[in-house]
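Worksheet: one structure, shown below.
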Amino acid sequence: MAEPSAFLSDRARGVRQSAVRDVFDLAMTPGVVSLAGGNPWLDDLPLEDLGRVAEGLVARQGHLSLQYGAGQGTPELRDAACTVMAADGIEGADPDLVVVTPGSQAGIDTAARLLGNPGDAVVVEDPTFVGALNTFNTWQLDAVTTPTDEEGLIPAFLRRTLQRLRAEGRRVAFLYTIPSYANPSGALMPAERRDEVARICREEGVLIVEDNPYGQLGFDDAPVPPIAAAHRDQVLYLGTVSKIFAPGVRIGWALVPPVLLREFYLCAESAYICPPVPSQMLATAFLTRFDWQGHVARCAAEYARRCDALVEELEARLDPRVLVTRPAGGFFVWARMPDGVDTAPLMHAAAAEGVVFVPGAAFTPDGGPDPHFRLAFSFVAPEVLREGVRRLAPVLNAAVSGRPG
Ligand SMILES: Cc1ncc(COP(=O)(O)O)c(C=O)c1O
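Every number in this note's numbering is 366 more than the matching position in the sequence shown, counting from 1.
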């Protein structure tokens, strides 16, 4: 019998275990305060009413809901996705260009398979979503970072990155960006910057994959229209119900430029035939028969309250040399230790004190030493967030003052 690893493809051999996996294992320990996972708050959902809908889906519509469905998704859900996108600022999306996916993670995966050859560059924000990095790694794409500030991608650097890759003769599969309340940085890209990013990509002939799970979760402000709103043909846009309804249903969608539509859903079908039908029907019911926008507004208000509690406690307890950014929406606080402090080893010290966070290294392709860390407030009640900070602060403060000099 050959070594088990001999059975693996080169692609699978290259898959790395992310630091986040360790974090999630630690987060499962009873009594631990987890500031790690980007889980939504579900307490506001009308669970009994949804339960009656779910029962009806099987008891009365089982011949439909338990059968194979269309690869592109149900027409009803594609229409409902257009309503959600309109609330995001994408007016008049064509449901024929919507492909339902099992979550936007599957949309990222299909985009990577559809657009990337092994060895191609995918340009990503520094930092970016760990799930996207894992997918790009799996498809042997080379994630090339470009710098960001508190308003997301910095256009001048993006231009330079794309020009450099062109000069090196590299094929750029696409730019992957999360312009609204990014994971992990919380950054919100202003409208003018979105247009500039689109202009640069058009000039460089680079397609944009825009991932927008958090756009409607601003604490005070209306959503900034996605890049796809004004640049439809240049953008493969990904939406999801995971953060505004429920991640367990595994329902997202792609709004695909017409020229890519056929290949996009053929690629998707080859992976999973069709998105899960009962989930599509439940998501459709939520988006058409319930006050989903009221739910989103109440969630955003709760996230704002949680974020305030977390930031207030961090500011009260952390050494002022730890820089904490309060986001204007989304699920995450992104913070930075002084230069030279790597947060990855601190994760274990924090876990020993009963609190977990995600170190910045998880959000970069090289995973090297990184002074940042991400704290998720979305799923944790304010008083528990405060307890988490009480446990975390001594670990971080010791690392700051223990530095040479
Ligand atoms: C930026 C981003 N994209 C995609 C996802 C995955 O979403 P889904 O549950 O729709 O697959 C997440 C989840 O945390 C995310 O933060």
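Backbone N, C-alpha and C define an ideal beta-carbon position, used for all residues, glycine too.
The beta carbons of G552 and V677 sit about 11 Å from each other, so the pair does not count as a contact at 8 Å. Around the C-beta of R672, 16 or more other C-beta atoms lie within 10 Å, and the residue is accordingly described as buried.
Between ligand 1 and the CB of D376, the shortest heavy atom gap is not smaller than 7 Å. Taking 7 Å as the cut-off, one finds at least one heavy atom of ligand 1 near enough to the beta carbon of T606. Relative to ligand 1, the beta carbon of N549 is positioned inside 7 Å of a heavy atom. Apart from the 5 residues on each side of it in sequence, A487 sits with its Cβ closer than 6 Å to the Cβ of D508, V510, L531, R536, V538 in its chain, given in chain order.
Taken from the Cβ of P613, at least one heavy atom of ligand 1 lies inside 7 Å. Beta-bridge pairing by DSSP links T606 to G618.
Bridge pairing for H738: R702 [DSSP].
When secondary structure is reduced to three states using DSSP, I593 falls in the helix class.
Residue nearest to N549 within the set E517, L632, D587 is E517 (criterion: CA-CA distance).
Linking P623 to L602 through their CA atoms gives a straight-line distance of about 6 Å.
Distances from the CA of A378 to each of P644, G473, D410, T501 were compared; the closest alpha carbon is that of T501.
Judged by the Cβ position, S645 fails to qualify as a neighbour of ligand 1 at the 7 Å threshold, every heavy atom of the ligand being at least this far.
D508 sits in a strand when the DSSP states are folded into three classes. Put simply, of A649, S400, D388, D391 the residue whose alpha carbon is nearest the alpha carbon of V721 is S400.
Within the same chain, V690 come within 7 Å of E681 by CB-CB distance, once the 5 residues on both sides are set aside. DSSP places E491 within a strand segment (E or B) once states are collapsed to three. The Cβ neighbour count for E491, taken over all protein chains shown within 10 Å, is at least 16; the residue is labelled buried.
When the Cα atoms are used, H597 and V496 turn out to be separated by approximately 26 Å. Secondary structure in the segment 426 to 451: the alpha helix (DSSP H) runs of 4 residues or longer, each lying completely within the stretch, are 428 to 431 in chain order. Distance from the C-beta of I544 to the nearest heavy atom of ligand 1 is below 7 Å. Distances from the CB of G437 to the heavy atoms of ligand 1 are all 7 Å or more. DSSP lists no beta-bridge partner residue for I474. When G403, G695, M713 are compared, the shortest CA-CA separation from L762 is found for M713. Per DSSP, the unbroken beta strand (DSSP E) holding Y542 starts and ends at 538 to 543.
A direct Cα-Cα distance of roughly 41 Å separates E569 from R664. The C-beta distance from T467 to W619 rounds to 6 Å, short enough to meet the 8 Å contact threshold. With a cut-off of 7 Å, the C-beta of P731 is classified as distant from ligand 1, since no heavy atom of the ligand falls inside that distance.
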